[in-house]
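Structure first, commentary second.
In the working numbering, the protein residues as written are -18 to 128.
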């Protein structure tokens, strides 16, 4: 098997699918009653999908501009590399919180949420921020541009 690197367009396509899946999952969770699991844990897959979506999108933006990046940049490093996008301080705080939410992958946890409603609002804010990030996409990466 040969290793092949994805193009920025391919990365954006995968990122968009992650975001769509997160949005769909959040809608389903909203309509679902929390009987079987801890309410906070059911939203963790939404943030995991969105973390991947942001990471892939920001990597694609860097690669599109021919800026080399190490393979394993974390989300905050990618935000810094894309500072020209003009994220507000509030948006940076949201992205840092999203990164903290992923600490479970290392077997740790932060008590970020007092209740399920706070976590749900955060998920909605992250999805909105991703939609905004899509509007900052370089023109050449828009699907309509190639047609």
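Virtual Cβ for every residue (Gly too), placed ideally from N, Cα, C.
None of these values were measured; they are calculated from a predicted model.
In terms of Cα proximity to residue 38, the closest of -9, -15, 86 and 109 is -9. For residue 4, the enclosing alpha helix (DSSP H) has its first and last residue at -11 to 12. Residue 85 sits in a helix when the DSSP states are folded into three classes. Between residue 56 and residue 36, the CB-CB gap stays under 8 Å.
DSSP places residue 121 in no alpha helix (DSSP H); its state is neither H nor E. Given a length threshold of 4 residues, each whole run of the alpha helix (DSSP H) inside the region 53 to 77 is given here in chain order: 56 to 62. Segment contact: the region 81 to 99 against the region 57 to 73, fewer than three CB-CB distances shorter than 8 Å; contact not assigned.
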